[in-house]
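Residue numbers (UniProt numbering): 1 to 700.
Even for Gly, the Cβ is constructed at its ideal location relative to N, Cα and C.
Please read these numbers as outputs of a predicted model, since none were measured by experiment.
I have placed the structure first, in the form of C-alpha cells, so that the comments after it can refer back to it.
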C-alpha cells in the first residue's frame, strides 16, 4: 500500500513554495511538485527539491547533548532540560531577569515564534529577546510603518506583478534567492511591461532586466532621491493623488530637489541618461511597482533608503492603487510572521507595540498575567549579541546560527563563548550549537504542523508528513517543559493548533489580525491573507472575513487614512573607502545555498553546485592586484580577514568586491561586515564596508 502524499510548503525562503511529501517504503521522503499553489505553480528550486534530505538522521541532531569536560556528550531529555532550567534560574536569581537572553529565528513557525516571545516575557521575565529577522527586513518594516501605518512584505499578491506596467527591483537577485518567483517577472515582460534592476552586480536577475542600474554600494538612497528629483523636474508627479491621499509632500519634495542628476551621478556612478530613462520607464505606464530587498535595506541608513523609494511611489500615485505599490521581498521562510507575533524586542503578538498600554492590557489578558508584569522593549539583535557575557549572562537560542550570519561575526563568536551558559535548540549541529552547554534536537518542517506567513502576507498551513526520529522533540515541547520547571505550569501547550488558537485571540484587533483564521480554513483555501479578523455573529460577514490580498486600496492604515511622505537626504555609509581600505565589500547569496548554510551545506547536490566561498573581482581590479582566477585572496576589513578563491568577472563594479555569506571558517564573509546600525530599524550595515584585497599566491 502506497503512502499518501501530504501537501505542504518548502522550509526555506519566504515564497513558501507548495510541494507534496511522500514517505518512501525503503525510507526517506520524496518531494514532488504541487501545481495548485499559486506562488510557484509546481516549480521548485534545487533547495526545495532536496529539502527532505536534511530530514535524514545521518545529517541532523537526534539526541540531546550536554557539555562535560569541554566536550558535548549525549544525554537524556530530562537531564538536558533540568540543566537548562537550573542554569537559567540560577542566573536570574543572581543577576536579575534581564541577564537572560532569548534569540529566535525567522524560520520558526508562527506558533513557535509566539510561544518563544511569551516564554521570554512571562516565564523568564526578560526584555532581552530578539531574532535574526532583524538582519533581514527590519528597515523595510520601519519605513513601511512610517509611510503606510502598517508593514506587510507585499501589500498585494505576486500574481499582480505580471499585470503592472513597470517594476523597479532594488537590491534583489531573486533569480538565485527565490528562483520560482522569476516567472512573474518574465511574464511581466511578455505582457509588454518593463523591468528595472538596481544592483552593483550584473546578476542573473539583472541579465533579465530592460534596464540595469549599477550604483556604488551604499548609494541607493541618493539614487532614489535623484529619480524623484527628475520626476518633479519633468512634471511627472500625480498632484491630485498627492493632494487627496498623502501628507508631508512639501518637505519631501524640497529634500529631493537638493539631489540633482549630476550630483547623484557623482555619488552613485549611474549616468544621468540612465536616470532619465528609468524615470521614463517607471512613469509612462498607468501602473508600476517598486520592490526592495536586502540591498537597500541592510544599510545604516536603510530605513531612509526604503523611505525614499516609497516617496517615489507616492509622488507618482503608485501606492494604494490596483497593480501599483511598494513592496518588500521578505527573505526568510517565516520572516514576516516571526516579527508579527512577539520575537522582536519591541513587539507583542498581532504586530502590537510593547510600549502601548492598550496592547499590553490586551495581550496580558489573553496570557492571564498583570500587564505591569510584562517587561518593556529590550535590545535589538546585534545589540543583544554584543551584550552577551556582560549584561546578558545566559542565552536560549532557537533556530539561528549567528556565528555565521551575524555582522562582525568573530566578535559575536567571542561573545557567545564568554556566556555563563548557552542553550541551543536546532535541527542540526550548527557552528553556534557547537559552542553550547546544552543542545536540544528539535523537529523540522516536515515533522510538525504549524503556520507560516509568506512574503505576500499569506498565512499558510505546513502539515506534518512524517514522524521525527525517536529522540527528537518539538520546540513547543521544549518551552512547555522549561516553563514547568521554572514554575509556570500552564499556558504553554505542545499542540500547535491549540497555540494557534491562543495566537488568534492575542492578535485580535491588532494590525496583524489572525483571529478569523483556523487550521481548517487555511487547509481548504490554500492560505489566507492577513488582516483577517473574526466576524461577529449576526454581522453581514459572519460567514468569514475573506482576508485582505490587497492593502490600502481605500485608505492607508494611518489615523487619517493618508500615506505619509518622509523627508530624507543622502548621507554616506558608516564606513567609506580610504587609503588603507580602498574598496567596498558587498555580500549576498548563491542559488544552491541558503542563509548561514547550516542545512543546505549538508546536502551533497547543493555542495557540488556551490562548494565554498569565493571573492568576485572585476578584471581591471584583478589585473591591478595581479590576481588570476582561482588564486587565493584575503579580503581584509577593520574587523578581520577572510580568505577565498578569486572569481574574475565583468559582472561587478571595479571598485567593489562581492562575497557570499553561507560558509564558516576562514572564508566567513561576516567576519568582515560592519555592525553599524540604522538608528530606527537597528539593522546592521551588511551591504557596504571598506576593505582591501591581498593576493596570497597562485592557486595550487
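Residue i and residue j closer than 9 Å at C-beta
i           : j           : result
residue 591 : residue 45  : yes
residue 636 : residue 691 : yes
residue 737 : residue 61  : Past the boundaries of the shown model lies residue 737; the chain is included only from 1 to 700, so the question cannot be answered.
residue 320 : residue 513 : no
residue 593 : residue 54  : no
residue 134 : residue 682 : yes
residue 308 : residue 568 : yes
residue 330 : residue 48  : no
residue 658 : residue 685 : no
residue 123 : residue 482 : yes
residue 144 : residue 328 : yes
residue 43  : residue 204 : no
residue 369 : residue 502 : no
residue 404 : residue 87  : no
residue 560 : residue 112 : no
residue 104 : residue 397 : yes
residue 332 : residue 117 : no
residue 341 : residue 507 : yes
Rounded separation between residue i and residue j - CA only
i           : j           : result
residue 337 : residue 110 : 6 Å
residue 611 : residue 387 : 34 Å
residue 90  : residue 77  : 20 Å
residue 484 : residue 363 : 21 Å
residue 348 : residue 277 : 44 Å
residue 335 : residue 455 : 8 Å
residue 64  : residue 426 : 10 Å
residue 511 : residue 296 : 25 Å
residue 18  : residue 29  : 15 Å
residue 237 : residue 378 : 41 Å
residue 69  : residue 437 : 11 Å
residue 472 : residue 452 : 21 Å
residue 628 : residue 132 : 36 Å
residue 401 : residue 640 : 19 Å
residue 27  : residue 34  : 22 Å
residue 703 : residue 114 : A question about residue 703 goes unanswered here, because the residues of the chain that appear run from 1 up to 700.
residue 249 : residue 360 : 34 Å
residue 687 : residue 596 : 16 Å
residue 526 : residue 36  : 8 Å
residue 586 : residue 631 : 20 Å
residue 588 : residue 530 : 30 Å
residue 215 : residue 464 : 45 Å
residue 316 : residue 550 : 19 Å
residue 391 : residue 385 : 10 Å
residue 176 : residue 93  : 48 Å
residue 468 : residue 311 : 49 Å
residue 186 : residue 209 : 9 Å
residue 548 : residue 158 : 14 Å
residue 202 : residue 269 : 14 Å
Rounded distance between the beta-carbons of residue j and residue i, thought under 8 Å
i           : j           : result
residue 410 : residue 671 : 5 Å
residue 164 : residue 188 : 7 Å
residue 459 : residue 528 : 6 Å
residue 224 : residue 305 : 7 Å
residue 562 : residue 247 : 5 Å
residue 703 : residue 8   : Summary: the structure shown does not reach residue 703, with the chain confined to residues 1 through 700, and so no result is reported for it.
residue 504 : residue 522 : Wrong, their Cβ atoms sit about 11 Å apart, outside the cutoff.
residue 301 : residue 221 : 6 Å
residue 325 : residue 281 : Residue 325 to residue 281, Cβ: 17 Å. No contact.
residue 519 : residue 498 : Between residue 498 and residue 519 the Cβ distance is about 10 Å, and since that is not below 8 Å, they are no contact.
residue 583 : residue 693 : 6 Å
The segment 650 to 669 touching the segment 620 to 635, judged by at least three CB pairs closer than 8 Å: Put simply, the segment 650 to 669 touches the segment 620 to 635. At least three CB pairs are less than 8 Å apart.
Would the segment 196 to 212 count as touching the segment 165 to 174 if we require 3 or more Cβ pairs under 8 Å? Contact between the segment 196 to 212 and the segment 165 to 174 is present, with at least three C-beta pairs closer than 8 Å.
Would you call the segment 251 to 259 and the segment 316 to 333 in contact, with 3 or more CB pairs under 8 Å? Verdict: no, contact absent.
Only counting runs of 4 or more residues, tell me where the alpha helix (DSSP H) segments fall wholly within the segment 268 to 327, in order along the chain. DSSP assignment within the segment 268 to 327 yields the following whole alpha helix (DSSP H) runs of 4 residues or more, N-terminal first: 272 to 283, 294 to 297, 302 to 315.
Touch check for the segment 415 to 423 and the segment 485 to 493: three-plus C-beta pairs under 8 Å? With contact defined as three or more Cβ pairs closer than 8 Å, the segment 415 to 423 and the segment 485 to 493 are not in contact.
Whole beta strand (DSSP E) elements within the segment 603 to 645, 3-residue minimum: Runs of the beta strand (DSSP E) inside the segment 603 to 645: 615 to 617, 632 to 637.
Determine, using beta-carbon pairs with one atom in the segment 261 to 274 and one in the segment 143 to 153, whether at least three such pairs fall under 8 Å. Because the criterion of three Cβ pairs below 8 Å is not met, the segment 261 to 274 and the segment 143 to 153 do not touch.
What residue ranges within the UniProt domain "4Fe-4S Mo/W bis-MGD-type" (3 to 59) form continuous alpha helix (DSSP H) runs of no fewer than 4 residues, ordered along the chain? The qualifying runs are 46 to 49.
What runs of the beta strand (DSSP E), each 3 residues or longer, lie entirely inside the segment 435 to 510? Taking only runs of at least 3 residues, the beta strand (DSSP E) segments lying wholly in the segment 435 to 510 are 438 to 441, 450 to 453, 458 to 462.
Unbroken stretches of the alpha helix (DSSP H), 4 residues or longer, contained in the segment 79 to 155: Scanning the segment 79 to 155 for uninterrupted alpha helix (DSSP H) segments of 4 residues or longer gives 110 to 118, 138 to 148, listed from N- to C-terminal end.
Could you tell me which uninterrupted alpha helix (DSSP H) segments, each at least 4 residues in length, are contained entirely in the segment 219 to 273, listed from first to last along the chain? Runs found: 220 to 233, 239 to 245, 249 to 257, 261 to 268.
Segments assigned beta strand (DSSP E), at least 3 residues, entirely inside the segment 333 to 410: Listed in chain order, they are 394 to 398.
Threshold first: 4 residues or longer. Then list the alpha helix (DSSP H) segments lying entirely within the segment 161 to 198, N to C. Entirely contained in the segment 161 to 198, the alpha helix (DSSP H) runs reaching 4 residues are, in chain order, 174 to 177, 182 to 190.
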